[in-house]
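First to last, the protein sequences are chains C and D. Just so we're on the same page, my numbering is the position in the first sequence counted from 1, plus 1. Just so we're on the same page, my numbering is the position in the second sequence counted from 1, plus 5. Worksheet for the structure shown next.
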Amino acid sequence: GAVVSQHPSRVICKSGTSVKIECRSLDFQATTMFWYRQFPKKSLMLMATSNEGSKATYEQGVEKDKFLINHASLTLSTLTVTSAHPEDSSFYICSARDGRDRGASGRQNTGELFFGEGSRLTVL
Amino acid sequence: AQSVTQLGSHVSVSEGALVLLRCNYSSSVPPYLFWYVQYPNQGLQLLLKYTSAATLVKGINGFEAEFKKSETSFHLTKPSAHMRDAAEYFCAVSLTSGSRLTFGEGTQLTVNP
Chain C
2 GAVVSQHPSR
12 VICKSGTSVK
22 IECRSLDFQA
32 TTMFWYRQFP
42 KKSLMLMATS
52 NEGSKATYEQ
62 GVEKDKFLIN
72 HASLTLSTLT
82 VTSAHPEDSS
92 FYICSARDGR
102 DRGASGRQNT
112 GELFFGEGSR
122 LTVL
Chain D
6 AQSVTQLGSH
16 VSVSEGALVL
26 LRCNYSSSVP
36 PYLFWYVQYP
46 NQGLQLLLKY
56 TSAATLVKGI
66 NGFEAEFKKS
76 ETSFHLTKPS
86 AHMRDAAEYF
96 CAVSLTSGSR
106 LTFGEGTQLT
116 VNP
């Protein structure tokens with residue numbers, strides 16, 4: 002099946018530094034990717050929708066200058082947490098939609114969303 | 006606007022017992038409904054989805070869910086729980102397949118030996 006890979010799976014950083022998280026679709030082209038944030042014992046909260054080649058659409062209350070999203074290619078979207086603070090510590094999960102008729106595998110597009118493994122950020 | 010409500014943040018069952026996880030939805034248009042499972046420190050895995058075809062949907066790992074429009078429900082069931090079913094389960098709704106998902110608060114399933 003389709004695979005979405007996130008890297009790094011865990012990252013610990015000092016307060017004030019920036020951290021980049023990558024989300025890659027490994028065997029399909031993802032025209033749209035979604036970034037979610039999950040607090041401990043809580044549900045997933047949509048942060049932004051990332052479209053290849055255009056600016057991301059942020060949800061209300063999410064600071065676009067704080068959480069920079071870049072979707073420069075059909076297989077890669079990145080989330081950069083700038084000037085991280087302890088309250089940014091969280092589990093970040095991306096999902097990607099198979100957006101073309103056929104991916105590299107030749108498989109028919111289903112429009113289904115596939116989730117990455119998540120990235121746990123801890124800011125000290 | 007769309008939303009889902011999962012009744013019961015924690016459900017505990019004995020191994021071999023019936024699993025029932027409740028989900029009610031609110032949507033102004035015919036919804037697409039999903040159930041996902043999340044194991045600790047991992048992403049989400051799709052269990053099953055309803056996309057306006059059959060109202061009884063069968064998924065992976067022996068799970069199934071029934072779409073009931075009159076009750077605005079999409080409850081998840083499994084006849085016999087296994088220890089490996091212990092995880093967090095999320096119900097989600099979207100306008101179309103592949104569009105943004107709105108998640109419920111999640112239900113932590115514990116399976117006791």
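Where is the CB? At the ideal position from N, CA and C, for every residue including glycine.
Legend entry - Neighbourhood of T77/D by C-beta distance below 6 Å, restricted to the same chain and skipping five residues each side: Excluding five sequence positions before and after T77/D, the CB atoms of its chain that fall closer than 6 Å to its own CB belong to N29 and Y30, given in chain order.
Legend entry - Buried or exposed by the 16-neighbour rule on C-beta atoms within 10 Å, applied to P36/D: buried
Legend entry - Below-8 Å beta-carbon distance, F29/C vs any chain D residue: No, F29/C does not count as interfacial toward chain D.
Inset, instruction - Pull up the CB-CB distance for C96/D and V34/D, whole angstroms please, since I reckon it's below 8 Å. - result: Wrong, their Cβ atoms sit about 17 Å apart, outside the cutoff.
Legend entry - Every unbroken beta strand (DSSP E) inside the segment 46-74 of chain D [3 residues or more]: 49-55, 61-63 and 69-73
Legend entry - L114/C, enclosing beta strand (DSSP E) - first and last residue: Here the beta strand (DSSP E) through L114/C covers L114 to F116.
Inset, instruction - Measure the CB-CB distance between V98/D and L38/D and report whether it falls below 8 Å. - result: yes
Legend entry - Sub-8 Å separation of L80/C and I70/C beta-carbons: yes
Legend entry - is_contact[Q47/D, chain C] using C-beta, thresh 8 Å: yes
Inset, instruction - Can you tell me the Cβ-Cβ gap for T83/C and K67/C, rounded? I've got them flagged as a contact below 8 Å. - result: Contact holds; Cβ gap of about 6 Å.
Legend entry - Close beta carbons around L106/D, own chain, < 8 Å, minus the five adjacent residues each side: Within its own chain, the residues whose Cβ lies closer than 8 Å to the Cβ of L106/D, once the five positions on either side in sequence are excluded, are F39, A97, V98 and S99, listed in chain order.
Inset, instruction - From the DSSP output, read off the bridge partner residues of D99/C. - result: A31/C
Inset, instruction - Could you please give me the residues that DSSP links to F92/C through a beta bridge? - result: Looking at the DSSP assignment, F92/C forms a beta bridge with Q39/C and R121/C.
Legend entry - Below-8 Å beta-carbon distance, G1/C vs any chain D residue: Since the first residue of chain C shown is 2 and the last is 125, residue 1/C is not available in this structure.
Legend entry - Runs of beta strand (DSSP E) wholly within the segment 53-88 of chain C (minimum 3 residues, chain order): 68-74 and 77-82
Legend entry - Inter-residue spacing [alpha-carbon to alpha-carbon] between Q50/D and E88/C: Their backbone Cα atoms lie some 27 Å apart in a straight line.
Legend entry - Cross-chain neighbours of T57/D in chain C, by beta carbon under 8 Å: It is Ser, not Thr, that sits at residue 57/D in the sequence shown. The premise fails here: S57/D is roughly 14 Å from chain C at the closest Cβ pair, so nothing lies under 8 Å.
Legend entry - S26/C beta carbon less than 8 Å from that of G3/D: With chain D covering 6 to 118 only, the question about residue 3/D has no answer from this structure.
Inset, instruction - Check distances from the C-beta atoms of the segment 103-118 of chain D to those of chain C and list, in chain order, the residues that come in under 7 Å. - result: G103, R105, L106, F108, G109, E110 and G111
Inset, instruction - Note down, in chain order, each residue of its chain lying with its Cβ closer than 8 Å to the Cβ of S16/C, except the 5 sequence neighbours on either side. - result: A85, H86, P87, V124 and L125
Inset, instruction - Specify the secondary structure class of R105/D as computed by DSSP and reduced to three states. - result: coil
Inset, instruction - Compute the distance between the beta-carbons of L75/C and Q39/C, then report whether it is under 8 Å. - result: no
Inset, instruction - Report the residue from S51/C, M46/C, L47/C and K42/C whose alpha carbon sits nearest the alpha carbon of C24/C. - result: S51/C
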